[in-house]
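Protein chains in written order, with the working numbering: chain Z, 279 to 674; chain H, 4 to 138.
Positions of the beta carbon are idealized from the N, C-alpha and C atoms, including for glycine.
As the structure is a computational prediction, the values presented were derived from the model and not from experiment.
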């Protein structure tokens, strides 16, 4: 063990912690060697920014007079789930407006959804709430129409069942017609390839076996300080991996929670996918303390060592018969062109590397200034069953 | 009164590149076809900007015919602009552009207005609604 969480936090509190981003650490190791980096650097910051479905916010509106047991509610026309308690709602990122024409005029625009409602709230805009109920002796109000805003809500908590996917598919279209997917517009005959990961900057790709990031880890969530509260839904640690333990396909995920009232609308935005639906883009940063050499090896991973599967979204994906047409590195994807089935295809990224960089730098700055302390996991996420357990290194 | 006319952009996959489509339109529908831009990109996708003039009904029949051939048809838009506050520089618009008018330098997006044909492909591809037609 080179340093403990306690030691790192002490240095952060004294504003003496040395922090680099997961991009900078790659160059530092090349230039100075592992030993020097391990000696000098305390924390490496990782980050990602992209559309993340399986996100949403719990809202407690507070009671109005007369009181109401909200049965159904809409925020700017987007239904929020009300089957929780009298004035608790959950607004999901992908919920659409009641009167959205959907794909009736194909491909639909899906211009406003739950993610946009959340963005509007975080941006300080007023949101129109409509609610109905059947009325009870204790909660007589049957109908409510009111403008709400984030500052007047009693509570607003972003609570996302699945974020920060560790690696993801590269989507292509083998068919003869254009298709519209959650991976964007895909042109026929392998006309383009869309991918969605920050690669070498992405949180879980820098901690491939979940040895540092776990339940309780403090994260940077759209500008607020939030936490990992569980493994994300679909967390799949037994994915195929490279010899350096990096998954070659979608694998681990994180469930994240944070105070919506502390977030910044630059890093939480509604998104619209033509022909598919609405979602929400989110910025996440996760600090990884350089506890030992093994952690350094993992955070030094670069785009050329991370591979993603190329999947056909015209037939293989919808029929639940995904087979990888090719395995391509993020270095190739970032170059703007990959080769699949002997054809050169131009690539597009759904995840914003420039925003991920910005977030990794902001988190770095917060840690350097003593504003962001690290929280050690209180419980590990399920890891790959065929991998060496971290305990076998005796906390090296 | 001048003949009705319509400017459209056609996108077609590689197998259409060799097909004399404009000739078919002229013969089948008796329309005047004026080609104002055309290109085949490095990955063999092609696009063709044409103006159809003649009988209004024939024009809409011709457009339906082109669509029925599996070719994407779009009306010609005006200049493309980008809202820099909304843009996150992700780059998903890059691969969709038929004329490679969008590029990324140090992870920032740039539009080459010389190359842009205002087809609007990038507008519908942008999840952040950061690209729009007009100034």
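Judged by beta-carbon spacing, residue 336 (chain Z) lies beyond the 8 Å limit of residue 460 (chain Z), meaning their Cβ atoms are not closer than that value. Taking the Cβ atoms as the reference, residue 332 (chain Z) lies roughly 18 Å from residue 515 (chain Z), outside the contact range of under 8 Å. With respect to the C-alpha of residue 513 (chain Z), the residue from Z:500, Z:566, Z:532 and Z:384 having the closest C-alpha is Z:532.
Only exposed fits residue 494 (chain Z), as fewer than 16 other CB atoms lie within 10 angstroms of its CB. Within chain Z, the residues placing a beta-carbon under 9 Å from that of residue 92 (chain H) are 630, 631, 632 and 633, ordered along the chain. For residue 375 (chain Z), no Cβ of chain H is located within less than 8 Å of the residue's own Cβ. Residue 616 (chain Z) sits in a strand when the DSSP states are folded into three classes. With fewer than 16 other Cβ atoms from the protein chains shown falling within 10 Å of its own Cβ, residue 279 (chain Z) counts as exposed. In this structure, the straight-line span from the alpha carbon of residue 103 (chain H) to that of residue 133 (chain H) is close to 18 Å. In the DSSP assignment, residue 437 (chain Z) is bridged to Z:535.
C-alpha of residue 575 (chain Z) to C-alpha of residue 463 (chain Z): approximately 37 Å in a straight line. The Cβ atoms of residue 399 (chain Z) and residue 388 (chain Z) do not sit closer than 8 Å to each other. Taking C-beta separations shorter than 8 Å and ignoring five residues to either side along the sequence, the partners of residue 518 (chain Z) in its chain run 525, 526 and 527, following chain order. At least one CB atom of chain H sits nearer than 8 Å to the CB of residue 466 (chain Z). Per DSSP, the continuous alpha helix (DSSP H) segment holding residue 127 (chain H) begins and ends at 124 to 128. In the three-state scheme derived from DSSP, where H, G and I count as helix and E and B as strand, residue 65 (chain H) is classed as helix. The C-beta of residue 102 (chain H) comes no closer than 8 Å to any C-beta of chain Z.
Judged by DSSP in its simplified three-state form, residue 43 (chain H) adopts strand. Residue 483 (chain Z) places its beta carbon 8 Å or farther from that of residue 405 (chain Z).
In the three-state reduction of the DSSP assignment, residue 369 (chain Z) falls in the strand class.
The beta carbons of residue 121 (chain H) and residue 83 (chain H) sit about 6 Å from each other, so the pair counts as a contact at 8 Å.
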